[in-house]
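What follows is a single structure, written as structure tokens, with notes after it.
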Amino acid sequence: MKLLVVPASLDLRQPFSATPAWWQLLKALHEEGAELVASPWQGPPIETLWWRAGRNPAKWQGDAWLGARKLWRRVAGAPPPVQLDEYDAPPAGLMREAWSEKLLRYVSRATIAPLWYAHLKSMLRQQPDIDALLFLTLPLNQLTGVPRALSREFDIPIFFYDGDVPASLPQMAGFATGFRIYQGAQPEEFTAFFCNSLDGAAELRKLGAKAAYTVYYGVDETVFSPAQVATQDLDFFFYGHGREYRSLWIDDMIARPAAALPEANFAVRGTGLGELGPTQLLPYLSFSKLREYVGRSRINLCITRRAHASVYGSSSSRPFELAGMGACIVASPYEGIELWFEPEKEIIVVHSHEEALERYKWLLKNDGERQRMGEAARKRVLAEHTMRHRARQLLGIMRGYM
Numbered sequence: 017m018k019l020l021v022v023p024a025s026l027d028l029r030q031p032f033s034a035t036p037a038w039w040q041l042l043k044a045l046h047e048e049g050a051e052l053v054a055s056p057w058q059g060p061p062i063e064t065l066w067w068r069a070g071r072n073p074a075k076w077q078g079d080a081w082l083g084a085r086k087l088w089r090r091v092a093g094a095p096p097p098v099q100l101d102e103y104d105a106p107p108a109g110l111m112r113e114a115w116s117e118k119l120l121r122y123v124s125r126a127t128i129a130p131l132w133y134a135h136l137k138s139m140l141r142q143q144p145d146i147d148a149l150l151f152l153t154l155p156l157n158q159l160t161g162v163p164r165a166l167s168r169e170f171d172i173p174i175f176f177y178d179g180d181v182p183a184s185l186p187q188m189a190g191f192a193t194g195f196r197i198y199q200g201a202q203p204e205e206f207t208a209f210f211c212n213s214l215d216g217a218a219e220l221r222k223l224g225a226k227a228a229y230t231v232y233y234g235v236d237e238t239v240f241s242p243a244q245v246a247t248q249d250l251d252f253f254f255y256g257h258g259r260e261y262r263s264l265w266i267d268d269m270i271a272r273p274a275a276a277l278p279e280a281n282f283a284v285r286g287t288g289l290g291e292l293g294p295t296q297l298l299p300y301l302s303f304s305k306l307r308e309y310v311g312r313s314r315i316n317l318c319i320t321r322r323a324h325a326s327v328y329g330s331s332s333s334r335p336f337e338l339a340g341m342g343a344c345i346v347a348s349p350y351e352g353i354e355l356w357f358e359p360e361k362e363i364i365v366v367h368s369h370e371e372a373l374e375r376y377k378w379l380l381k382n383d384g385e386r387q388r389m390g391e392a393a394r395k396r397v398l399a400e401h402t403m404r405h406r407a408r409q410l411l412g413i414m415r416g417y418m
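For any residue, its number in the numbering used here is found by taking its place in the sequence shown, counting from 1, and adding 16.
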């Protein structure tokens with residue numbers, strides 16, 4: 017099978033949130049026998065051992081937009097973080113599409129969409145052996161009309177994979193740093209949708225998707241593997257960016273325990289996490305250093321944004337990454353976590369600050385239990401949750417439309 021793929025970005029130096037996951041997925045698709053051509057929506061085209069690079073027909077426009085946004089935020093300040101965990105539903109003001117978002121959408125449809133239509137049409141004509149077109153988590157409301165026009169001219173299925181469900185859905189407030197991709201979109205233009213969420217797939221069908229399939233996140237087990245470290249000198253470690261949708265649990269699982277357990281060594285790697293008391297901020301270095309941080313930590317914390325944690329079966333990369341690295345994981349509440357890992361055997365889920373403290377103290381005293389849990393979690397990943405498992409599922413569904 018030959019696929020033309022349009023990911024949001026392939027640039028790991030300035031990635032969108034899912035870029036590392038898309039690298040792993042594309043590599044896995046190649047390993048499962050697919051031939052790939054990848055043209056990024058944002059940033060430079062990048063050639064690898066696993067896919068051929070197609071150009072980005074709107075690169076300078078995208079670079080100009082990013083530059084303008086950075087300049088605006090330096091002048092006006094970054095937008096306030098969305099704290100959905102403090103509300104039962106997003107406040108009405110956060111649900112409304114701002115005039116600037118509408119303007120960006122209309123300008124993109126008038127200027128960017130025609131460039132992409134011409135580029136994709138040219139590639140499909142030059143490479144008639146392409147079997148399907150796959151878009152990966154980009155603002156589909158800026159491409160309205162393009163899938164329908166391509167479908168009229170070429171007899172191939174056109175798929176969209178949204179890896180940000182449910183946060184990307186209109187009923188959620190969206191991220192302060194991201195796009196609202198469904199306002200003004202026409203999901204029925206696509207042959208089918210894939211998403212990372214079980215219950216979220218039903219919501220996509222309500223929005224007009226002809227079909228929606230759940231393909232969870234996974235990991236490349238050769239990349240997310242246990243690191244060899246000399247000693248475990250960290251007691252607790254968390255990595256991630258921003259407090260959005262999880263501010264209360266960051267406080268309850270990091271800031272407050274760090275103050276309550278002064279003898280313990282808490283550490284984080286990330287940005288925008290707020291005031292964390294005596295917690296150590298580790299430098300943001302290479303991925304190999306991240307593996308080292310996880311390996312050095314006795315207990316690794318998985319604090320999932322409420323947008324994902326509250327909608328049943330909404331996968332995120334973090335649990336699979338930590339499990340792949342053989343970590344002993346303590347997680348905040350996560351609806352559907354049992355779909356992927358067995359609580360108390362492969363992961364521990366806490367439901368309050370008090371329970372977190374209790375489990376922390378117990379785990380610190382039980383070296384063997386921590387090691388057993390980490391080994392069990394990695395074994396589960398190898399059996400069910402590698403990216404090759406996900407690629408196999410994805411290709412199987414696609415073949416049904418050919």
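Positions of the beta carbon are idealized from the N, C-alpha and C atoms, including for glycine. In this text the structure is predicted, and so the values were computed from the model without any measurement.
TODO: Can you have a look at TRP378 and say buried or exposed, based on whether 16 or more other CB atoms are within 10 angstroms of its CB?
DONE: exposed
Using the rule of at least 16 other Cβ atoms within 10 Å of the residue's Cβ for burial, across every protein chain shown, is GLN244 buried or exposed? exposed
* Asked: Can you list, in chain order, the stretches of the alpha helix (DSSP H) that have 4 or more residues and sit fully within the stretch 383-415?
  -> 383-400, 403-415
query: If we count the other Cβ atoms within 10 Å of its Cβ and call it buried at 16 or more, is MET403 buried or exposed?
result: buried
**Request:** Leaving out five residues on either side along the sequence, give the residues of the same chain with a beta carbon under 6 Å from the beta carbon of ALA271.
**Result:** LEU292, GLY293
Of the choices ASN281, VAL239, SER348, LYS305, whose alpha-carbon is the least far from that of ARG423?
Here the chain has residues from 17 to 418 only, and residue 423 is not among them.
As assigned by DSSP and simplified to three states, the class of TYR177: strand
- With DSSP as the reference, label ASN157 as helix, strand or coil. helix
Buried or exposed: LEU28, going by 16 or more other Cβ atoms within 10 Å of its Cβ?
exposed
Report task. Let me know the secondary structure DSSP gives LYS361 once reduced to three states. Result -> coil
**Item:** HIS369 to ILE128 span [Cα, whole Å]
**Value:** 48 Å
Where the alpha helix (DSSP H) through ILE266 begins and ends: 263-266
Would you list the residues sitting across from ILE345 in a DSSP beta bridge? ASN316
- prompt: Could you give the residue range of the alpha helix (DSSP H) that holds THR230?
  reply: First-last for THR230: 228-230, but that is the beta strand (DSSP E), not the alpha helix (DSSP H).
Where do the N-terminal and C-terminal ends of the beta strand (DSSP E) with ARG285 fall, by residue?
282-285
Buried or exposed, going by whether 16 or more other CB atoms sit within 10 Å of the CB of ASP249?
exposed
*asked:* Could you compute how far the alpha carbon of VAL310 sits from the alpha carbon of TRP38?
replied: 22 Å
Any beta-carbon of chain D closer than 7 Å to the one on ILE174?
Of the chains in the structure shown, none is chain D; there is only one protein chain.
Notebook entry, point to check: The alpha helix (DSSP H) with PHE336 in it runs from where to where?
Noted result: 333-340
* Let me know if THR238 comes out buried or exposed under the rule of 16 or more other beta-carbons within 10 Å of its beta-carbon. => exposed
Original post:
Just the Cα atoms here: how many angstroms apart are THR160 and ALA276?
Top reply: 52 Å
Practice item. Classify ARG68 as helix, strand or coil using the three-state DSSP reduction. Key: strand
- Message: Please report the straight-line C-alpha distance between LYS43 and LEU298, rounded to a whole angstrom.
- Response: 30 Å
* Within 10 angstroms of the Cβ of PRO23, are there 16 or more other Cβ atoms? Answer buried if so, exposed if not. => buried
request  = Just the C-alpha distance for GLY288 and GLU169, rounded to the nearest angstrom, thanks.
outcome  = 46 Å
query: Cα separation between GLU308 and ILE197?
result: 36 Å
Pairwise C-alpha distance: VAL346 and GLY109: The predicted position of GLY109 is uncertain, since its pLDDT is 47 and thus under 50; a value taken from the coordinates is nonetheless stated next. Distance between the alpha carbons of GLY109 and VAL346: 34 Å.
Checklist entry - Do the stretch 45-57 and the stretch 403-413 meet, that is, are 3 or more Cβ pairs less than 8 Å apart? => result yes
Checklist entry - Do the CB positions of CYS318 and ARG386 come within less than 7 Å of each other? => result no
Quiz item: Any idea which residues DSSP pairs VAL235 with across the strands?
Solution: THR402
*When you compare only the Cα positions, how much space is there between GLY390 and ASN157?*
42 Å
- Thinking C-beta only, is ALA165 closer than 7 Å to TYR133? yes
I need the straight-line Cα distance from ARG406 to TYR232, nearest angstrom please. 7 Å
Does the stretch 323-331 come close enough to the stretch 55-69 to have 3 or more Cβ pairs within less than 8 Å?
no
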